[in-house]
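Inspection log for the structure reproduced underneath, given as structure tokens.
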Amino acid sequence: MHYHFIRKKNLAKEINLIHVSTKNQVVDIFTKALSTDKLKRFRKMLGVLEMDLSLRGSVENSSSIS
0 MHYHFIRKKN LAKEINLIHV STKNQVVDIF TKALSTDKLK RFRKMLGVLE
50 MDLSLRGSVE NSSSIS
């Protein structure tokens, strides 16, 4: 974002800037490799649910296209 645009909006009290610690940067879930704990915490903050998925059958059991 353009610094001057944000600065102007902040001075006009149109937006309120708050500090977010690097430990709480949820966007990291999209941009970095995270520890399991951090990944689970950020996923929960975003409301993303973990689902157990299983595949049925195997490659050997699937019909081949000729």
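The numbering of the sequence shown is numbering that gives the first Met the number 0, which starts it at 0 and goes up by one.
Note that the Cβ used here is the ideal one computed from N, Cα and C, for glycine as well.
These numbers come from a predicted model, not from an experiment.
1) Go through its chain and collect everything with a Cβ distance to F41's Cβ below 6 Å, but skip five positions before and after it.
2) Would a C-beta distance cut-off of 7 Å place N23 and L16 closer than the cut-off?
3) Of the residues L33, S53 and K12, which one's Cα is nearest the Cα of T21?
4) How far does the alpha helix (DSSP H) with T30 in it extend, from its first residue to its last?
A quick look at the data gives this:
1) For the purposes of this step, residue 41 is identified with residue 42 of the sequence shown, where counting begins at 1. Excluding residues within five positions, the ones whose Cβ falls inside 6 Å are V25 and I28.
2) For the purposes of this step, residue 23 is identified with residue 24 of the sequence shown, where counting begins at 1. For the purposes of this step, residue 16 is identified with residue 17 of the sequence shown, where counting begins at 1. No, they are not a contact pair.
3) Locating residue 21 in the sequence shown gives position 22, where the first residue counts as 1. Ranking L33, S53 and K12 by Cα distance to T21 puts L33 first.
4) Residue numbering aside, residue 30 sits at position 31 when the sequence shown is read from its first letter. D27 to T30 is the extent of the alpha helix (DSSP H) around T30.
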